[in-house]
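First the structure, in the form of structure tokens, and then the observations on it.
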Amino acid sequence: MINVRNIIRIAFVLFASILFHSCSSQNYAPLQVVKNVDVNRYIGKWYEIAHLPFKQQEGCSCTTAEYEIIDSLTLRVKNKCLNDGEIDEANGKAFVVQGSNNAKLRVQFFWPFRGDYWIIFLDEINYNWAVVGTPSRKYLWILSRQPKMNENILKELTVKIDKAGFDTNKLIFTEQNCN
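Take the sequence shown: its position 16, counted from the start at 1, is 87 in the working numbering, and no numbers get skipped.
Here it is as structure tokens:
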């Protein structure tokens, strides 16, 4: 049964996909990504620590992203959050951009639109945290394997994110007290 809330969510996903597709990075230096991502280590559950404003996430807490391998170039993506006491879930796919050493993905939640999902910082030793952004510098997510991130690491990442051209003053820190 489709209700009005689901139709609104679909419309937001469509709008966000168009926005991702149409955002230009012409005013910025090229966005650097990590040298290599081991997809087998990247898959699994991530907790959102912070993000730049994104209409689809308004009112969300307890936000997570979970990745599974479909094949060598495709991941299944399941994003969840708690919004007004209800679980919101968005399912999609992430496609590896060939030649990017798995650091650049194109995420699709609503066909045929895809948005950039570039891994710009990563705990390359333990894969305990990651920072994902878009070349336009409009969207960014700080992710962690745990619901809370070490404050010193978070401060260091915020400095790096700022130097990469993202507006860290607009970061929204995600409530993760979800027990």
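Think of the CB as a built atom: it goes at the ideal place given N, C-alpha and C, for glycine as much as any other residue.
The model shown is predicted, which means the values in this text are computed figures rather than measured ones.
Residue i burial status per 10 Å Cβ neighbour count (16 or more: buried)
{"i": "K219", "result": "exposed"}
{"i": "W212", "result": "buried"}
{"i": "Y99", "result": "exposed"}
{"i": "D187", "result": "buried"}
{"i": "S207", "result": "buried"}
{"i": "T245", "result": "buried"}
{"i": "C152", "result": "buried"}
{"i": "K241", "result": "exposed"}
{"i": "N150", "result": "buried"}
{"i": "Q128", "result": "buried"}
Beta-bridge partners of residue i, as assigned by DSSP
{"i": "W212", "result": "H122 and V203"}
{"i": "E139", "result": "R147"}
{"i": "F166", "result": "T145 and R177"}
{"i": "G186", "result": "V178"}
{"i": "K106", "result": "Paired residue(s): none; K106 is not in a bridge."}
{"i": "E160", "result": "K151"}
{"i": "I224", "result": "Answer is none; I224 lacks a bridge partner."}
{"i": "S132", "result": "L153"}
Residue i and residue j closer than 8 angstroms at C-beta
{"i": "V230", "j": "L214", "result": "no"}
{"i": "P124", "j": "I243", "result": "yes"}
{"i": "T221", "j": "N173", "result": "Position check: residue 221 holds Asn in this sequence, whereas Thr was assumed. Not in contact: N221 and N173 (Cβ atoms no closer than 8 angstroms)."}
{"i": "E157", "j": "A136", "result": "no"}
{"i": "Q247", "j": "C133", "result": "yes"}
{"i": "I191", "j": "A235", "result": "yes"}
{"i": "A165", "j": "V148", "result": "yes"}
{"i": "Y198", "j": "Y113", "result": "yes"}
Rounded Cβ spacing between residue i and residue j (contact assumed at less than 8 angstroms)
{"i": "F180", "j": "A201", "result": "That belief does not hold up - the Cβ atoms of F180 and A201 are roughly 19 angstroms apart, past 8 angstroms."}
{"i": "W117", "j": "R216", "result": "7 angstroms"}
{"i": "L146", "j": "Y138", "result": "5 angstroms"}
{"i": "S171", "j": "V110", "result": "Contact flag wrong, Cβ pair sits at about 12 angstroms."}
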